[in-house]
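In this note's numbering, the protein residues as written are 450 to 765.
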């Protein structure tokens with residue numbers, strides 16, 4: 450009998466009667482889903498032209514369901530390590546509330562429904578991108594990269610960067626340089642964001658034998674790479690303004706927040722003690738969430754103001 454089976458039930462049976470609607474919602478990773486939905490919505494709104502509101506709502510719903518399906522399938526595959534890590538041991542499978550088989554069926558069903566609905570009702574390019582995103586997160590990242598290389602989050606982070614492209618493709622039926630830039634912002638943001646987390650959660654990753662960067666290359670190397678990615682990410686974050694699909698407000702916000710991100714990364718690099726390093730990593734992690742949401746919120750606000758002015762005939 451495996452460790453997870455022993456933990457879940459002494460008689461080797463799952464307490465299925467204890468599963469509640471909230472447990473199935475937990476499987477969808479709602480906090481992660483909210484960021485995915487938000488960036489996908491910004492990609493949809495920032496795309497040129499006008500999209501039917503019903504189709505736009507269907508697109509966002511499909512992105513949300515697809516993201517939730519990915520989260521459920523990730524929990525199904527990672528149940529053996531979720532029981533070891535403090536921050537994941539109370540998830541529905543290790544807690545013995547839902548069986549792995551139920552979660553697998555739940556995740557696969559949501560995956561198929563979200564992809565087919567998006568493809569049939571909106572367009573097949575966006576449906577294909579959603580399908581690839583789910584596949585990339587579950588198979589490429591969760592099943593392969595996560596447990597095999599400290600570069601797991603660098604490559605695997607692409608799965609979280611696709612939603613703006615999906616939204617853009619749903620609205621336009623195409624992929625453009627602008628949507629690729631939105632992808633790159635999230636792609637380059639992911640390593641410093643998660644490596645900051647891994648610095649103060651390294652014991653959890655060590656116990657679960659997940660080769661995160663601090664556990665394999667050490668804290669010093671991880672901090673240097675965080676700075677390196679931050680220095681690349683900050684100017685890429687300004688590109689929407691440089692390329693002309695974001696306005697001056699976005700330009701100012703992206704420059705200031707990019708400089709702040711580099712500052713927090715620099716402070717982390719030069720933290721004099723282990724305690725101050727942990728504190729700096731926590732600050733960078735929290736600010737990284739503010740950075741990404743701030744950039745996309747500013748872009749969304751500009752788009753909404755512009756479309757409102759066009760709608761009222763203030764500008765052509």
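We put the beta carbon where it would ideally sit given N, CA and C, even for glycine.
Please read these numbers as outputs of a predicted model, since none were measured by experiment.
Are there 16 or more other CB atoms within 10 angstroms of the CB of residue 480, so buried, or fewer, so exposed?
-> exposed
Where the alpha helix (DSSP H) containing residue 693 begins and where it ends | Run containing residue 693: none; DSSP gives neither H nor E here.
What did DSSP end up calling residue 764 once you bin it into helix, strand or coil?
-> coil
DSSP state of residue 642 mapped onto helix, strand, coil = helix
6 Å Cβ shell around residue 568 - same chain, five flanking residues per side excluded | 576
What whole-angstrom Cβ distance do residue 517 and residue 559 have, given they're in contact under 8 Å?
-> 6 Å
Measure the alpha-carbon distance for residue 714 versus residue 672 and round it to whole angstroms.
-> 8 Å
Among 717, 502, 482 and 496, which one has its Cα closest to the Cα of residue 583?
-> 482
If we count the other Cβ atoms within 10 Å of its Cβ and call it buried at 16 or more, is residue 751 buried or exposed?
-> buried
State buried or exposed for residue 761, treating a residue as buried only when at least 16 other CB atoms are found within 10 Å of its CB.
-> exposed
Going straight from the alpha carbon of residue 501 to that of residue 492, what length do you get?
-> 15 Å
How far does the alpha helix (DSSP H) with residue 658 in it reach, from first residue to last?
-> Where residue 658 is concerned, there is no enclosing alpha helix (DSSP H), given that its DSSP letter is neither H nor E.
The segment 517 to 528 in contact with the segment 468 to 476 per 3-pair CB rule at 8 Å | yes
Can you grab the Cα-Cα spacing for the pair residue 604 / residue 591, in whole Å?
-> 11 Å
Taking the runs of the alpha helix (DSSP H) that are 4 residues or longer, which of them lie wholly in the segment 544 to 586?
-> 549 to 570 and 573 to 584
Are there 16 or more other CB atoms within 10 angstroms of the CB of residue 721, so buried, or fewer, so exposed?
-> exposed
Could you give the DSSP three-state label for residue 541: helix, strand or coil?
-> coil
Integer-rounded CB distance, given that residue 547 should sit under 8 Å from residue 472 | 6 Å
Compute the Euclidean distance between the alpha carbons of residue 586 and residue 614, then round it to the nearest angstrom.
-> 16 Å
Hey, how far is the Cα of residue 601 from the Cα of residue 704?
-> 29 Å
Can you grab the Cα-Cα spacing for the pair residue 718 / residue 512, in whole Å?
-> 36 Å
CA nearest to the CA of residue 571, picked from 509, 561 and 738 | 509
Taking the C-alpha atoms as reference points, what is the distance between residue 683 and residue 757?
-> 30 Å
Residue 596 versus 626, 556 and 665, residue with shortest Cα-Cα distance | 665
Pull up the distance between the alpha-carbon of residue 678 and that of residue 640, whole angstroms please.
-> 7 Å
Whose C-alpha, out of 506, 730 and 637, is nearest the C-alpha of residue 649?
-> 730
Residue of 725, 687 and 674 minimising C-alpha distance to residue 631 = 687
Just curious, the alpha helix (DSSP H) that residue 508 is in, first and last residue?
-> 502 to 526
If we count the other Cβ atoms within 10 Å of its Cβ and call it buried at 16 or more, is residue 528 buried or exposed?
-> buried
How should residue 670 be labelled, buried or exposed, when 16 other C-beta atoms within 10 angstroms of its C-beta is the threshold for buried?
-> exposed
Whose C-alpha, out of 763, 698, 728 and 564, is nearest the C-alpha of residue 743?
-> 698
Just curious, the alpha helix (DSSP H) that residue 615 is in, first and last residue?
-> 612 to 621
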